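Below you'll find the structure, written out as structure tokens, and then a few comments.
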Amino acid sequence: MKPHHLAGVLALCAATATHAAPIALRDAVITATYNGSAAGMLGLDHDFAAVPGSNTTRLDPSDSGVEFLTADYLFGIDFAPSGAMTVIANGAIPAGAYTMRFDFGGRLAAAIGAITFTSAAGASGMPVATLLDDDSFALDLGGVAWSEFGSVTAEISAAAPVPEPATPALLLAGLAALAATRARKPRHAKGG
24 MKPHHLAGVL ALCAATATHA APIALRDAVI TATYNGSAAG MLGLDHDFAA
74 VPGSNTTRLD PSDSGVEFLT ADYLFGIDFA PSGAMTVIAN GAIPAGAYTM
124 RFDFGGRLAA AIGAITFTSA AGASGMPVAT LLDDDSFALD LGGVAWSEFG
174 SVTAEISAAA PVPEPATPAL LLAGLAALAA TRARKPRHAK GG
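Take 24 as the starting number for the sequence shown in the working numbering and just add one per residue.
In structure tokens:
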């Protein structure tokens, strides 16, 4: 196959591939719990005060600070408009069970399909993310060892779109057409 034919096949493959993209969180309203308690999360909209409803906050559009602090002040949680979430240790974190739940209440542009950890600084071990439904997920941080002010960052991605049933057939038809074109070309004999 000539390089330009191969490039066409690769372009067709790329066009039919389905990839999940980060979910834009701009204007998101987030409800959170910490270790199973709504009172365990303090939101930015409530100036991190322990008042009824303080576990719900809007995304900070300036992205200048965290949206939540845990009531024990061990963790800060920052959501970025780009779809990233960072959990930051506010100091030395003793070993223990630390779980969080975040619910976007159906206000996102797409269903949540994956939480992918992208980086860690000053944290070792593996956090566990569990999708609860299209709008919420849970984090289990019990397996993470934190150094002071360590952090883990994850990307919140949309569910990958399901390809149309005709997509594989179109790809096969394109490959068959390329093969037929190649078969019809006359072959030149090399002289000796």
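Idealized CB from N, CA, C, for every residue including glycine.
Since the structure is predicted, the reported quantities are computational estimates derived from the model, not experimental observations.
Let me know the secondary structure DSSP gives GLY145 once reduced to three states.
-> Locating residue 145 in the sequence shown gives position 122, where the first residue counts as 1. Of the three classes helix, strand and coil, the one that applies to GLY145 here is strand, per DSSP.
Name the one or two DSSP bridge partners that SER180 has.
-> As a first step, residue 180 must be located in the sequence shown, where it is residue number 157. When beta bridges are read from the DSSP output, SER180 appears opposite PRO45 and ALA137.
Between SER174 and ALA133, which are expected to be in contact by the criterion C-beta below 8 angstroms, what is the C-beta distance as a whole number of angstroms?
-> Counting from 1 along the sequence shown, the entry for residue 174 is found at position 151. Counting from 1 along the sequence shown, the entry for residue 133 is found at position 110. Not a contact, Cβ separation roughly 26 angstroms.
Of the listed residues ALA51, ALA44 and ALA43, nearest to SER159 (C-alpha basis) | Within the sequence shown, the letter at position 136 stands for residue 159. With distances taken between Cα atoms, SER159 lies closest to ALA51.
Apart from the five residues on each side of it in sequence, which residues of its chain come closer than 6 angstroms, Cβ to Cβ, to TYR222?
-> Only positions 24 to 215 of the chain appear in the structure, and residue 222 is not among them; the question remains open.
Could you check if LEU155 is buried or exposed, using at least 16 other CB atoms within 10 Å of its CB as the buried criterion?
-> Against the sequence shown, residue 155 aligns to sequence position 132. LEU155 comes out exposed.
Hey, quick one: how far does the beta strand (DSSP E) through LEU155 stretch, first residue to last?
-> What you label residue 155 is simply residue 132 of the sequence shown in a count that begins at 1. Note, LEU155: beta strand (DSSP E), 151–156.
GLU239 classed as buried or exposed, judged by whether at least 16 other C-beta atoms fall within 10 angstroms = Residue 239 cannot be examined here, being either before or after the span of the chain that is shown, 24 to 215.
Boundaries (first-last residue) of the beta strand (DSSP E) holding GLY76 | In the sequence shown, residue 76 corresponds to position 53, counting from 1. No beta strand (DSSP E) holds GLY76; DSSP gives it neither H nor E.
Assuming LEU65 contacts ASP83 under a Cβ cut-off of 8 angstroms, what Cβ separation, rounded to an integer in Å, is found between them?
-> For the purposes of this step, residue 65 is taken as residue 42 along the sequence shown, with counting starting at 1. For the purposes of this step, residue 83 is taken as residue 60 along the sequence shown, with counting starting at 1. Actually they are not in contact, since the Cβ atoms of LEU65 and ASP83 sit about 14 angstroms apart, beyond 8 angstroms.
With a 10 Å radius around its C-beta and 16 neighbouring C-beta atoms as the bar for buried, classify SER60 as buried or exposed.
-> By one-based count along the sequence shown, residue 60 stands at place 37. It is exposed - the Cβ of SER60 has fewer than 16 other Cβ atoms within 10 Å.
With respect to the beta strand (DSSP E) encompassing ALA55, which residues constitute its N-terminal and C-terminal limits?
-> Translated into positions along the sequence shown, residue 55 becomes position 32. 52–57 is the span of the beta strand (DSSP E), which, as asked, contains ALA55.
Identity of the residues DSSP links to ALA61 by a beta bridge | Sequence index remark: in the sequence shown, residue 61 carries index 38 (1-based). None, per the DSSP bridge assignment.
Just the C-alpha distance for ALA118 and ALA182, rounded to the nearest angstrom, thanks.
-> Translated into the one-based positions of the sequence shown, residue 118 becomes position 95. Translated into the one-based positions of the sequence shown, residue 182 becomes position 159. Each residue's alpha carbon lies about 33 angstroms from the other.
So, are the CB atoms of PRO104 and LEU48 less than 7 angstroms apart?
-> Residue 104 sits at position 81 when you count from the first residue of the sequence shown. Residue 48 sits at position 25 when you count from the first residue of the sequence shown. The answer is yes: Cβ separation under 7 angstroms.
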